[in-house]
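Numbering (my numbering), first residue to last: 2 to 411. Down below is the structure, laid out as structure tokens.
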Amino acid sequence: MVLNYIWIAFFLIAFVIAVVRLIFFGDVEVFPNIMNSTFETAKQGFEISLGLTGVLSLWMGVMKIGEKGGVVNVLARFLSPLFTRLFPDIPKNHPVYGNIFMNIAANMLGLDNAATPLGLKAMEGMQELNAKKDTATNPMIMFLVLNTSGLTLIPVSIMTYRFQCGAAQPTDIFVPILIATFIATIAGIIITALYQHINLLNRTILLTLGGAIALIAALIGVFMQMEPEQMNAISGTAANVLLFSVIITFIVAGMRKRINVYDAFIEGAKEGFSTAVRIIPYLIAILVAIGVFRASGAMDWLIGGIRWCVEVTGVNADWVGALPTAIMKPLSGSGARGMMVDAMNTYGADSFIGRLSCIFQGSTDTTFYILAVYFGSIGVSRTRHAVACGLLADLAGVVAAIGVCYLFFG
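In structure tokens, the structure reads:
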């Protein structure tokens with residue numbers, strides 16, 4: 002229901018601002034720009050879905066092999082002590098735990114192409130347990146918030162963009178991004194747990210979070226000793242070796258179970274194709290609304306209003322210049338990426354605004370895109386508190402990014 006109101010608001014606000022620009026400022030281009038954006042974003046939504054078809058078919062096929070080979074069940078049993086506390090409505094040792102873990106691991110490694118189909122597979126598993134098929138369950142919402150908080154250990158793509166924009170030290174945002182995205186993830190878990198009355202103060206969860214903090218601290222220590230080129234090479238190689246190792250592990254497990262691995266892959270690939278087709282309307286709906294909002298100038302007016310409010314209070318407004326990236330990130334990953342590159346080109350890659358825009362880009366994920374694709378793939382229309390929790394996690398990431406950037410570069 003919340004997503005419905007937000008979608009309507011995008012169009013109504015865009016129309017009002019476009020009318021004001023036409024009547025009071027004589028901007029005769031605003032309405033043609035809005036209509037052009039509807040066609041362009043609709044086309045973009047279809048092309049994204051088309052691009053996802055092959056990837057979804059591949060990974061759904063691989064996951065079907067892992068499922069029939071028993072790997073997913075092994076992962077589920079291993080993770081059950083932790084996940085039964087974060088997802089108390091899912092039965093203990095249920096295979097969906099394995100799918101959830103695979104998705105989270107792929108996201109942490111920055112493997113977006115693998116994370117999306119793995120996430121869709123997890124959503125399908127949770128939908129099988131859902132008594133009200135049009136309504137999001139608590140586990141679905143917790144899972145989506147873990148995705149929208151965007152925990153990524155190694156932001157290789159952002160460091161690459163910084164190198165291309167002439168940064169003296171492209172990796173100097175590595176630690177700040179890691180801190181900001183970790184804070185966003187922890188905040189998302191806590192916020193969602195409060196909504197769902199989940200007790201986080203138990204030994205298993207506290208030990209897991211403590212272990213995660215220790216692991217991240219160790220990774221920071223290791224990577225900070227490396228040269229930028231070495232860091233990018235090792236992180237990229239490690240991620241891809243791990244990913245291909247997963248495929249081989251699933252195939253070997255299928256062979257041990259004496260299943261027809263090829264037929265299992267084809268069965269899963271067919272599911273991936275049908276899933277890609279199902280998400281097209283949902284993806285186009287959200288992308289067109291975002292495109293209209295941007296083309297009307299509403300985004301520019303929003304940023305200008307925030308800058309004026311901050312300056313009136315006398316607070317340092319240096320961070321406002323990077324805010325377009327933060328505001329765009331929940332709406333569009335490619336849009337936020339463009340805002341980040343534009344900030345580095347305008348203010349300099351090593352400027353405060355340039356660095357902060359990169360930290361914004363890496364601290365959270367595309368909330369509305371994830372909600373549209375994941376809920377759309379299983380036909381859920383009533384999202385309950387998913388939008389609120391996702392956006393609050395995003396807000397925590399934004400605040401953390403600003404604080405961390407002042408700490409490191411202020």
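Ideal Cβ positions, reconstructed from N, Cα and C, are used throughout, including at glycine.
Between GLY62 and LYS271, the alpha-carbon positions lie close to 8 Å from each other. Put simply, the region 393–400 touches the region 184–200. At least three CB pairs are less than 8 Å apart. Annotated three-state conformation of THR238 is helix, per DSSP. The secondary-structure analysis by DSSP pairs THR136 across a beta bridge with ARG383. The Cβ-Cβ distance between GLY391 and THR149 falls below 8 Å.
Burial check for PRO140: the Cβ neighbour count within 10 Å reaches 16 or more, so the residue is buried. Exclusion of the five residues before and after ALA169 leaves ASP351 as the residues of its chain whose Cβ lies within less than 6 Å of its Cβ. The Cβ neighbour count for LEU121, taken over all protein chains shown within 10 Å, is at least 16; the residue is labelled buried.
Where ASP351 is concerned, there is no enclosing alpha helix (DSSP H), because DSSP gives it neither an H nor an E. The beta carbon of ILE287 lies closer than 6 Å to those of PHE369, ALA373 in the same chain, with the five residues before and after it left out. For the 8 Å CB-CB criterion, TYR162 and VAL321 do not form a contact. Under the 10 Å beta carbon count, ARG259 is surrounded by fewer than 16 other beta carbons and is classified as exposed.
In the displayed model, ASN148 falls within a helix according to three-state DSSP. Assignment of PRO92 by DSSP, reduced to helix, strand and coil, places it in the coil class.
Ranking ALA327, LEU284, ILE360 by CA distance to the CA of TRP8 puts LEU284 first. Non-local beta-carbon contacts of SER382 in its own chain, meaning distances under 6 Å to residues more than five positions away in sequence, involve ASP135 in chain order. For ALA169, the secondary structure class from DSSP, reduced to helix, strand or coil, is coil. Its chain contains LEU130, THR138, ASN139, PRO140 as the residues whose beta carbon lies nearer than 8 Å to that of ASP90, once the 5 sequence neighbours on both sides are disregarded; these appear in chain order.
Inter-residue distance for GLY306 and PHE294 is about 16 Å (C-alpha atoms, whole angstroms). With 16 or more neighbouring CB atoms inside 10 Å of its own CB, ALA123 falls in the buried class.
About 7 Å separates the CB atoms of LEU357 and ALA402; that is less than 8 Å, so the two are in contact. Within the same chain, Cβ atoms closer than 6 Å to the Cβ of ALA194 are found at LEU201, the five residues on either side in sequence being excluded.
Ranked by Cα distance from PHE32, the first of THR42, GLU41, ALA19, ALA219 is ALA19. Straight through space, the alpha carbons of VAL72 and GLY363 are spaced by roughly 31 Å. Under the three-pair Cβ rule at 8 Å, the region 75–86 counts as touching the region 201–217.
Between ILE142 and LEU207, the alpha-carbon positions lie close to 21 Å from each other. Residue environment: THR172 is assigned as buried (16 or more neighbouring CB atoms within 10 Å of its CB, all protein chains considered).
In the structure shown, the three-state DSSP call for ASP366 is coil.
When only Cα atoms are considered, MET109 and GLY151 end up about 8 Å apart.
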